[in-house]
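Quick mapping for you: the protein sequence lines, in order, are chains P and B.
FYI, in my numbering the residues of the first sequence are 13 to 167.
FYI, in my numbering the residues of the second sequence are 13 to 167.
For glycine and all other residues, C-beta sits at the position ideal for the given N, C-alpha and C.
Since the structure comes first, as structure tokens, the remarks are kept for the end.
Protein chains: 2
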Amino acid sequence: MTSRQTKRTANPAASLQLGEQLCFALYSTMLAMNKVYRKLLLDLGVTYPQYLVLLVLWERDALMVSEIGERLFLESPTLTPLLKRMELLGLLRRIRDKNDERQVIVSLTGQGRALRDRAKVVPGGVFCAAGCSPKELASIRDQLIQLRARLLENS
Amino acid sequence: MTSRQTKRTANPAASLQLGEQLCFALYSTMLAMNKVYRKLLLDLGVTYPQYLVLLVLWERDALMVSEIGERLFLESPTLTPLLKRMELLGLLRRIRDKNDERQVIVSLTGQGRALRDRAKVVPGGVFCAAGCSPKELASIRDQLIQLRARLLENS
DNA sequence: TGCAAATAGATCGCACGCGATGTAGTATGC
DNA sequence: GCATACTACATCGCGTGCGATCTATTTGCA
Numbered sequence: 013m014t015s016r017q018t019k020r021t022a023n024p025a026a027s028l029q030l031g032e033q034l035c036f037a038l039y040s041t042m043l044a045m046n047k048v049y050r051k052l053l054l055d056l057g058v059t060y061p062q063y064l065v066l067l068v069l070w071e072r073d074a075l076m077v078s079e080i081g082e083r084l085f086l087e088s089p090t091l092t093p094l095l096k097r098m099e100l101l102g103l104l105r106r107i108r109d110k111n112d113e114r115q116v117i118v119s120l121t122g123q124g125r126a127l128r129d130r131a132k133v134v135p136g137g138v139f140c141a142a143g144c145s146p147k148e149l150a151s152i153r154d155q156l157i158q159l160r161a162r163l164l165e166n167s
Numbered sequence: 013m014t015s016r017q018t019k020r021t022a023n024p025a026a027s028l029q030l031g032e033q034l035c036f037a038l039y040s041t042m043l044a045m046n047k048v049y050r051k052l053l054l055d056l057g058v059t060y061p062q063y064l065v066l067l068v069l070w071e072r073d074a075l076m077v078s079e080i081g082e083r084l085f086l087e088s089p090t091l092t093p094l095l096k097r098m099e100l101l102g103l104l105r106r107i108r109d110k111n112d113e114r115q116v117i118v119s120l121t122g123q124g125r126a127l128r129d130r131a132k133v134v135p136g137g138v139f140c141a142a143g144c145s146p147k148e149l150a151s152i153r154d155q156l157i158q159l160r161a162r163l164l165e166n167s
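Encoded structure:
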């Protein structure tokens with residue numbers, strides 16, 4: 013009960029011990045990941061959430077705000093100001109749809125598309141910092157995606 | 013190459029595909045976890061980072077700001093305002109050490125200690141929302157902790 | 001047609017999270 | 001014994017993240 017060894021063996025979601033909690037591992041690893049990204053993205057002049065928006069738009073351009081939100085699990089109070097900042101940076105355009113004036117279509121500018129080439133070194137840098145085999149990383153990723161699905165069901 | 017199936021099989025840290033990225037899985041799962049916590053902590057009247065500070069102080073009271081920061085991987089620009097808010101809530105006290113006036117010692121109030129009882133239902137609620145076996149959760153946790161260590165080394 | 005309900009974003013307010021920098025107190029070197 | 005470096009926090013500025021609420025537009029249906 014009081015030994016050091018039990019500190020990380022108990023139920024990772026049913027204890028008030030910080031070291032046991034999955035949630036804290038998740039939270040603190042995300043902070044560490046963010047730190048790695050900040051450095052790698054400094055060159056591109058974007059933040060991590062902005063980089064995520066770029067990833068989405070590089071895959072498929074001209075999306076509604078809500079479509080970007082669905083892919084990134086972000087809401088309009090987060091996205092609207094974020095997209096405005098990216099528009100100011102000259103990376104994208106926000107244009108109201110003529111057919112349905114409620115919708116705002118977000119499209120990359122030439123500059124936004126051009127950033128993709130410079131971004132190609134980023135995943136390699138992250139992989140390097142993670143120092144794991146691709147297989148291990150893929151395994152964690154898939155477990156997290158499953159966990160995410162269950163958390164969103166029950167929230 | 014273009015099939016749906018390959019979307020989550022490639023190197024999870026060396027691609028510009030959103031779905032493949034471990035980092036995004038980490039980020040979005042953390043957001044989902046936060047959503048679950050927000051509901052569970054509403055009753056206690058604290059945020060998730062505030063809850064983490066309580067976890068730390070429940071384990072060991074009367075810590076320096078920097079000691080809390082080491083345990084939570086947070087810096088003083090985050091902690092100082094956060095602790096001030098918690099002080100206003102009446103959960104803790106921030107007192108400069110007489111022996112070394114640079115240090116601020118953070119100690120729980122009676123109210124802060126008392127919150128521990130009401131917090132005991134929180135881990136169960138998270139466990140329930142996660143809908144995994146304790147073994148699975150412990151496995152993810154340990155993999156994340158390893159990853160965190162490597163990311164912090166290389167950042 | 002006409003108006004309530006639904007939809008898509010925008011805005012407000014608050015709480016992080018941290019790089020850069022400032023400040024007060026303490027230790028160190030000569 | 002005194003300048004200098006170092007330490008522990010504090011502050012500033014900016015960018016998220018989101019619950020609550022608002023606005024404008026469209027849809028649905030009586």
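Of the residues the options, the one placed nearest residue i, counting alpha carbons only
| i | options | result |
| --- | --- | --- |
| V133 of chain P | P:S27, P:K51, P:L43 and P:L75 | P:K51 |
| I117 of chain P | P:R105, P:Q123, P:R128 and P:G124 | P:R105 |
| R97 of chain P | P:T59, P:S151, P:R162 and P:D154 | P:T59 |
| D154 of chain P | B:G137, B:E32 and B:S27 | B:E32 |
| S27 of chain B | P:F139, P:E165, P:L156 and P:A126 | P:F139 |
| A150 of chain B | P:L156, P:A150 and P:L149 | P:L156 |
| L103 of chain P | P:D109, P:F85 and P:R125 | P:R125 |
| K110 of chain B | B:L159, B:M76 and B:A44 | B:M76 |
| D55 of chain B | B:L38, B:G137, B:L159 and B:L86 | B:G137 |
| G122 of chain B | B:L53, B:W70, B:N46 and B:L38 | B:W70 |
| L163 of chain B | B:I80, B:E79, B:G81 and B:F85 | B:F85 |
Neighbourhood of residue i by C-beta, 8 Å cutoff - its chain only, sequence neighbours within 5 removed
| i | result |
| --- | --- |
| Q36 of chain B | A small correction: the amino acid at residue 36 of chain B is Phe; Gln does not occupy that position in the sequence shown. Hits under 8 Å: L30. |
| A141 of chain P | V48 |
| T14 of chain P | Because T14 of chain P carries a pLDDT of 38, less than 50, the predicted location of this residue cannot be relied on, and no value is offered for it. |
| M42 of chain P | none |
| N46 of chain P | Y60 |
Residue i burial status per 10 Å Cβ neighbour count (16 or more: buried)
| i | result |
| --- | --- |
| L100 of chain B | exposed |
| R114 of chain P | exposed |
| R130 of chain P | exposed |
| S40 of chain B | buried |
| P135 of chain P | buried |
| G57 of chain B | exposed |
| A161 of chain P | exposed |
| I152 of chain P | buried |
| I107 of chain P | exposed |
| T18 of chain B | With a pLDDT of 41 at T18 of chain B, under the threshold of 50, the modelled position of this residue cannot be trusted, and the question is left open. |
| R16 of chain P | The pLDDT assigned to R16 of chain P is 39, lower than 50, so where the model puts this residue is not dependable; a value taken from the coordinates is nonetheless given after this. R16 of chain P should be labelled exposed. |
| L95 of chain B | buried |
Proximity test, residue i beta-carbon vs the ligand PLP heavy atom, cut-off 7 Å
| i | result |
| --- | --- |
| E71 of chain P | In terms of ligand content, the structure shown is empty, and the ligand PLP therefore cannot be addressed. |
Other residues of its chain near residue i: CB distance less than 6 Å, five sequence neighbours each side excluded
| i | result |
| --- | --- |
| Q62 of chain P | M98 |
| R83 of chain B | V68 |
| V120 of chain P | Looking at the sequence itself, residue 120 of chain P is Leu, so the reference to Val does not match. L69, D73 and L104. |
| D112 of chain B | none |
| L53 of chain P | Y63 |
Same chain only: Cβ atoms within 7 Å of residue i, ignoring 5 sequence neighbours per side
| i | result |
| --- | --- |
| G81 of chain B | E87, S88 and L91 |
| E165 of chain B | none |
| R8 of chain B | The question about residue 8 of chain B has no answer, for chain B in this structure spans 13 to 167. |
Using 8 Å as the cut-off, can you tell me whether the segment 56 to 68 of chain P makes contact with the segment 145 to 160 of chain P, which would need three or more C-beta pairs spanning the two stretches below that distance? no
Restricting to runs no shorter than 4 residues, where is the alpha helix (DSSP H) found entirely within the segment 61 to 124 of chain P? 77 to 84 and 88 to 100
Unbroken stretches of the alpha helix (DSSP H), 4 residues or longer, contained in the segment 135 to 165 of chain B: 146 to 165
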